[in-house]
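This report concerns only the one structure given below.
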Amino acid sequence: MDLFEPCVVGKVNLKNRIIRSATHDGLADEDGGPSEKLISKYSFLAKNDVGCIIAGYAIVSEEGASSYPRCLNYFNDSSADKYRKLTQAVHSFGTPIIAQLAHCGRQTSSKVIGMQKIAPSAKRHLFYPDKAARMSVDDVIRVEDAFVAAIVKAKEYGFDGAQIHLAHGYLLHDFISANGNKRKDAYGGDVHGRCRIVKEIMIKAREKVGDFPIWVKISATDKRRKGMRLNYAVEVCKLLRQYGVDAIEVSCGSVQDGMNTMRSKRMPMEAVFKYREPVASMPKFLNKFCLACAKLVNPLIPQPKPLQMFNFESAKAIGQAVDTDLILVGGVAKREDMIRAIEGGMSAVSMCRPFICEPNFARKLKEGKTDASQCVMCNYCGLVIEKGETKCLLGRIK
Ligand SMILES: Cc1cc2nc3c(=O)[nH]c(=O)nc-3n(C[C@H](O)[C@H](O)[C@H](O)COP(=O)(O)O)c2cc1C
Ligand code: SF4
Numbered sequence: 004m005d006l007f008e009p010c011v012v013g014k015v016n017l018k019n020r021i022i023r024s025a026t027h028d029g030l031a032d033e034d035g036g037p038s039e040k041l042i043s044k045y046s047f048l049a050k051n052d053v054g055c056i057i058a059g060y061a062i063v064s065e066e067g068a069s070s071y072p073r074c075l076n077y078f079n080d081s082s083a084d085k086y087r088k089l090t091q092a093v094h095s096f097g098t099p100i101i102a103q104l105a106h107c108g109r110q111t112s113s114k115v116i117g118m119q120k121i122a123p124s125a126k127r128h129l130f131y132p133d134k135a136a137r138m139s140v141d142d143v144i145r146v147e148d149a150f151v152a153a154i155v156k157a158k159e160y161g162f163d164g165a166q167i168h169l170a171h172g173y174l175l176h177d178f179i180s181a182n183g184n185k186r187k188d189a190y191g192g193d194v195h196g197r198c199r200i201v202k203e204i205m206i207k208a209r210e211k212v213g214d215f216p217i218w219v220k221i222s223a224t225d226k227r228r229k230g231m232r233l234n235y236a237v238e239v240c241k242l243l244r245q246y247g248v249d250a251i252e253v254s255c256g257s258v259q260d261g262m263n264t265m266r267s268k269r270m271p272m273e274a275v276f277k278y279r280e281p282v283a284s285m286p287k288f289l290n291k292f293c294l295a296c297a298k299l300v301n302p303l304i305p306q307p308k309p310l311q312m313f314n315f316e317s318a319k320a321i322g323q324a325v326d327t328d329l330i331l332v333g334g335v336a337k338r339e340d341m342i343r344a345i346e347g348g349m350s351a352v353s354m355c356r357p358f359i360c361e362p363n364f365a366r367k368l369k370e371g372k373t374d375a376s377q378c379v380m381c382n383y384c385g386l387v388i389e390k391g392e393t394k395c396l397l398g399r400i401k
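Numbering (the working numbering), first residue to last: 4 to 401.
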């Protein structure tokens, strides 16, 4: 089994079966377009044998903005040339690049976005407690149109496809899931109603972009009450396939789940107390004291398991029921696991933290210089994004 053979996944020609999964890099410029530093970062990944890059999530409309600083967006036309420069730079190494499109819904702060945030139902978020307004049907149509406009732009800017973010607690995850969606109208009620917004995005997008590749990323499972469960996710994926989605990346979790989407043995307490508000801004002595206490109880806080290949069972179950290209993400960090995934029916594997830790990881694998990532999955990088640029902080937090 050759991981490095060129292949077609979700109608996109991949250089090999190893994908850099969407990773918010915190490197957009002031307008939300790719900065020179982001273009260099993606060029380095492409030059070093990544088979395909899924760009970090980009926001489709101002009301869906992220609370993370320097997040990409597609609503600012002044960024068009920078996006073209990005796709050309990555293509110069023969590597395709996919635009990931998102709307944060209630997983953001109204204060940061400068208007009241919106959601399928008016429900509070554990970490962003200001209340979201329940979306009217007009709001739903406006959000659909924003996704469609962003897909059209992704094609115009030279991306090889778009990936709609249906995972990790963002707006469309909330729509699909009975946890976030309590609606009784045409956009709720049952699996068809909850997925209707995605269906309408797909219908409108196909009218404008034809067979331009459109992928999705879903959380097949999460830990929310009445949230995503595997049997239900299989039904969702059947519908996604009917709507004409070209590939499904199988993830899990919601930001409200804590360390579920990206798992680690322990909560990264040092990083929590350094980067997450409100604790990060506590007076210094209090911050230090609380951190010491948190460290004592940390080993007792149960964490989701397993830590490796943690969406493989979900992805295989989806693969048994739905004829589609599947991409496995989550705790894939060893050559033997990548091979197991492909032999187990996945079209490709995707990785996030291994590439934050070693941006040349694919090259090292290809040249036989390593069989496993050096990332220890401490998740410090997952907290630093709340304040600035994404980086591997292993060993750097005292
Ligand atoms: C710093 C950081 C940023 C991330 N940004 C995104 C993102 O923009 N879009 C997305 O779908 N997932 C994002 N994720 C989740 C990853 O794509 C991936 O699903 C998760 O980390 C599990 O994969 P891994 O075990 O290879 O890290 C991010 C994760 C981290 C650690
Ligand atoms: S900080 Fe570095 S070692 Fe820790 S999870 Fe992130 S990439 Fe891996």
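Don't be surprised by glycine CBs; every beta carbon is placed ideally from N, CA and C.
Note that this is a predicted model, so its numbers are computed, not measured.
Item checked: Residue closest to Arg145, alpha-carbon to alpha-carbon, out of Ile121, Arg127, Thr373 -> Among Ile121, Arg127, Thr373, the Cα nearest to that of Arg145 belongs to Ile121.
Checklist line | Leu386 - containing beta strand (DSSP E), residue span | finding: Not the beta strand (DSSP E): Leu386 falls in the alpha helix (DSSP H), residues 383-387.
Checklist line | Residues with C-beta closer than 6 Å to any heavy atom of ligand 2, in chain order | finding: Arg356, Ile359, Cys360, Cys378, Val379, Met380, Cys381, Asn382, Tyr383, Cys384, Cys395, Leu396, Leu397
Item checked: Whole-angstrom distance between Val352 and Gly371, CA atom to CA atom -> 18 Å
Next item on the list: With a floor of 4 residues, list each alpha helix (DSSP H) that falls wholly inside the stretch 340-378, ordered by position along the chain.
Entry: 356-360, 364-369
Check: Does the beta carbon of Val53 fall short of 7 Å from some heavy atom of ligand 1?
Finding: The nearest non-hydrogen atom of ligand 1 is 7 Å or more from the C-beta of Val53.
Notebook entry, point to check: For Arg279, which residues of its own chain have a beta-carbon under 8 Å away from its beta-carbon, when the five flanking residues on both sides are left out?
Noted result: Leu386, Glu389
Margin query: For the structure I just gave you, are there three or more beta carbon pairs, one from the stretch 30-42 and one from the stretch 226-242, closer than 8 Å?
Written below: Touching, no.
Next item on the list: Quick one: which unbroken beta strand (DSSP E) runs of 3-plus residues sit fully inside the stretch 232-287? Chain order, please.
Entry: 250-254
Check: How should Lys156 be labelled, buried or exposed, when 16 other C-beta atoms within 10 angstroms of its C-beta is the threshold for buried?
Finding: So Lys156 ends up on the buried side.
Notebook entry, point to check: Arg402 and Leu368 look like a contact to me (Cβ under 8 Å); what is the Cβ gap, rounded to whole Å?
Noted result: The requested residue 402 is not part of the displayed model; the chain covers only 4 to 401.
Item checked: Neighbourhood of Ile345 by C-beta distance below 8 Å, restricted to the same chain and skipping five residues each side -> Met4, Leu6, Arg20, Ala351, Val352
Next item on the list: Return yes when at least one heavy atom of ligand 1 lies under 7 Å from the C-beta of Met341, else no.
Entry: Incorrect: Met341 has no Cβ contact closer than 7 Å to ligand 1.
Notebook entry, point to check: So which of Gly347, Ser376, Met349 has the shortest CA-CA distance to Pro359?
Noted result: With the sequence shown as reference, residue 359 is identified as Ile, and Pro is not the correct amino acid for it. Nearest option by C-alpha distance: Ser376.
Next item on the list: Would you kindly check if the distance between the Cβ of Lys14 and the Cβ of Cys55 is under 8 Å?
Entry: Cβ distance not < 8 Å, so Cys55 and Lys14 don't count as in contact.
Note to self: So, at 6 Å on beta carbons, what are the nonlocal neighbours of Tyr246 in its own chain, with the 5 sequence-adjacent residues on each side left out?
What the structure shows: Lys202, Met205
Check: In chain order, what residues of the same chain have a beta carbon less than 8 Å from the beta carbon of Lys207, not counting five sequence neighbours either side?
Finding: Glu147, Asp148, Val151
Next item on the list: Could you pull out every residue in the same chain whose Cβ sits closer than 6 Å to the Cβ of Ser70, ignoring the five residues on either side in sequence?
Entry: Correct list, in chain order: Thr111, Ser112, Val115.
Item checked: Spatial distance of Thr26 from Lys291 (CA atoms) -> 30 Å
Note to self: Between His106, Lys44, Ile42, Gly29, which has its C-alpha nearest Ile62's C-alpha?
What the structure shows: His106
Next item on the list: Tell me Arg137's beta-bridge partners as DSSP assigns them.
Entry: Ala122
Margin query: According to DSSP, simplified to helix, strand and coil, what is His106?
Written below: Note: His106 maps to coil in three-state DSSP.
Notebook entry, point to check: When the Cα of Ala49 is compared with those of His176, Ser64, Arg87, Val93, which residue comes out closest?
Noted result: Val93
Next item on the list: Report the option in His168, Gly183, Gly172 whose CA atom is closest to the CA atom of Arg137.
Entry: Measuring from the Cα of Arg137, the nearest candidate turns out to be Gly183.
Margin query: I'd like the span of the beta strand (DSSP E) that includes Asp328, first residue to last.
Written below: 328-332
Checklist line | The alpha helix (DSSP H) enclosing Ile200, as first and last residue numbers | finding: 194-212
Next item on the list: Return yes when at least one heavy atom of ligand 1 lies under 7 Å from the C-beta of Gln306, else no.
Entry: no
Next item on the list: Can you give me the Cβ contacts of Asn314 inside the same chain, cut-off strictly under 7 Å, excluding the 5 residues immediately before and after it?
Entry: Answer for Asn314: Ala223, Val253, Ser254, Cys255, Leu331, Val332, Gly333, listed in chain order.
Margin query: Judging by CA-CA distance, which residue of Val275, Tyr45, Gly213 is the nearest neighbour of Met262?
Written below: Closest by alpha carbon: Val275.
Next item on the list: For His195, count neighbouring C-beta atoms within 10 Å of its own C-beta (all shown protein chains included) and say buried if the count is 16 or more, exposed if not.
Entry: An exposed status is given to His195, since fewer than 16 other beta-carbon atoms sit within 10 Å of its beta-carbon.
Notebook entry, point to check: Can you list, in chain order, the residues of its chain whose CB lies under 7 Å from that of Phe364, leaving out five sequence neighbours each side?
Noted result: Pro357, Phe358, Ser376
Check: Should the stretch 72-86 be called in touch with the stretch 123-133, which here means at least 3 C-beta pairs below 8 Å?
Finding: The stretch 72-86 is not in contact with the stretch 123-133.
Item checked: Helix, strand or coil at Val53 according to DSSP, with G and I counted as helix -> coil
Item checked: Under the three-state DSSP convention, the category Leu17 falls into -> strand
Item checked: Segment limits, alpha helix (DSSP H) that includes Leu30 -> Per DSSP, Leu30 belongs to no alpha helix (DSSP H) and is neither H nor E.
Next item on the list: Please list the segments of the alpha helix (DSSP H) lying wholly inside the stretch 151-187, counting only runs of 4 or more residues, in order along the chain.
Entry: You should have 174-179.
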